[in-house]
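Novice: In the UniProt record's numbering, the protein residues as written are 1 to 297.
Here it is: the structure, laid out below.
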């Protein structure tokens, strides 16, 4: 077995789509198919089942996938260890988050404390979150606990975040500090697009209250702020969201019903070797959020 064969298998097992996998690897689909066929012939078993025009990883494939993931994790750990051991190693780490605006201040404070460390941050959506390629690419994922496949991750809890509704001072909710979500069932909502962690939370909370929200605009974080400012509707956010600069000019009311908090965590892939800089960031963020919670409470 060649390492390239195993890598092609790894990516195909995650995507379960021959054409899209071939495009992402920048190889022809017949070439990818031939590579997988040679691997199957060498192992003496089929790794995928064909379901119509699609392919699905079978039990043999899942067994191989587990070991292949361990191989590539070990290679990534070796790369990290060699990098740490080097005299001129880069003092940096990688972190991805599903709600980047929540963590801007914390990262800013970290950089003030550790100015020689380079933070490489990426915003990701739910579709990318639990792919093995994602977990091997980043030192940390900062997201809601329910977004993670906890069998793949170790984590530390950062904060139990609570939902709020956001609105302009001219809205009928002006001056309200708490609201039952049912009071807003007929309101137009400016919502984040599908694929954002916060959007899934919003949809689930509305479903728990027994209604489907009237979403008039779907957009990203920045455009949401502009649409709220222009009075296209009200918004859904959280206590942490309000604390970030992006929504600080709006009024908000905490939801009294339903009480559905979101637990924010910092997570790292099980077995991953973390650099000194990465471990410093993890300790800093945990301490920072504890101090924030004490100040808030």
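Ideal Cβ placement from N, Cα and C applies to all residues, glycine included.
So, under 8 angstroms CB-CB, residue 188 and residue 214 are touching, yes? Tell me the CB distance rounded to an integer number of Å.
Specialist: Confirmed, Cβ separation roughly 5 angstroms.
Novice: Flag residue 56 as yes if its beta-carbon sits less than 9 angstroms from any beta-carbon of chain C, otherwise no.
Specialist: This model lacks chain C altogether; it includes just one protein chain.
Novice: Would you kindly work out how many angstroms separate the C-alpha atoms of residue 139 and residue 269, rounded to a whole number?
Specialist: The alpha-carbon atoms of residue 139 and residue 269 are separated by roughly 8 angstroms.
Novice: Taking buried to mean at least 16 other C-beta atoms within 10 Å of its own C-beta, is residue 161 buried or exposed?
Specialist: Label assigned to residue 161: buried.
Novice: Looking at C-alpha atoms only, which residue of 153, 233 and 156 is the closest neighbour of residue 192?
Specialist: When only C-alpha atoms are compared, the closest one is 233.
Novice: For residue 121, does the three-state DSSP call read helix, strand or coil?
Specialist: It is a strand residue.
Novice: For residue 21 and residue 64, I'd like the C-alpha separation in whole angstroms.
Specialist: Going from the Cα of residue 21 to the Cα of residue 64 covers about 18 angstroms.
Novice: Just verifying my parser: in three-state terms, what is the DSSP assignment at residue 217?
Specialist: The answer is strand: DSSP assigns residue 217 an E or B state.
Novice: So who's on the other strand from residue 262, going by DSSP bridges?
Specialist: Partner(s): 161.
Novice: Answer yes or no: do residue 226 and residue 171 have a C-beta to C-beta separation smaller than 9 angstroms?
Specialist: Not in contact: residue 226 and residue 171 (Cβ atoms no closer than 9 angstroms).
Novice: Below 8 angstroms, how does it come out for the region 266-286 and the region 72-86: are there three or more Cβ pairs, yes or no?
Specialist: The answer is yes - the region 72-86 touches the region 266-286, with three or more Cβ pairs under 8 angstroms.
Novice: Could you spell out the range, first to last residue, of the alpha helix (DSSP H) harbouring residue 42?
Specialist: 29-43 is the extent of the alpha helix (DSSP H) around residue 42.
Novice: For residue 91, which option in 166, 105 and 119 has the closest C-alpha, if you only look at C-alpha atoms?
Specialist: Checked all of 166, 105 and 119; the closest Cα to residue 91 is 119.
Novice: Let me make sure I understand the geometry here. Which of 10, 203 and 295 has the alpha-carbon closest to that of residue 70?
Specialist: The shortest C-alpha separation from residue 70 is found at 10.
Novice: Excluding the five sequence neighbours on either side, which residues of its own chain have a C-beta within less than 7 angstroms of the C-beta of residue 197, listed in chain order?
Specialist: 98, 99, 126, 143, 144 and 147.
Novice: The beta strand (DSSP E) with residue 179 in it runs from where to where?
Specialist: Its beta strand (DSSP E) spans residues 178-180.
Novice: Following the continuous beta strand (DSSP E) through residue 57, name the residue where it begins and the one where it ends.
Specialist: Segment 54-57, the beta strand (DSSP E) holding residue 57.
Novice: Given this structure, state the Cα-to-Cα distance separating residue 204 from residue 284, to the nearest angstrom.
Specialist: Looking at the two C-alpha atoms, the distance is approximately 32 angstroms.
Novice: Alpha carbon to alpha carbon, what distance is there between residue 74 and residue 87?
Specialist: Confidence is the limiting factor: at residue 87 the pLDDT is only 41, short of 50, which leaves the residue's position unreliable and the question unanswerable from this model.
Novice: With respect to the alpha helix (DSSP H) encompassing residue 12, which residues constitute its N-terminal and C-terminal limits?
Specialist: 3-15 is the span of the alpha helix (DSSP H), which, as asked, contains residue 12.
Novice: Beta-carbon separation of residue 158 and residue 179 under 9 angstroms?
Specialist: Against a cut-off of 9 angstroms, the Cβ pair of residue 179 and residue 158 comes out as no contact.
Novice: Any idea if residue 1 is buried or exposed, counting beta-carbon neighbours within 10 angstroms, 16 or more meaning buried?
Specialist: Exposed, by the Cβ-count rule.
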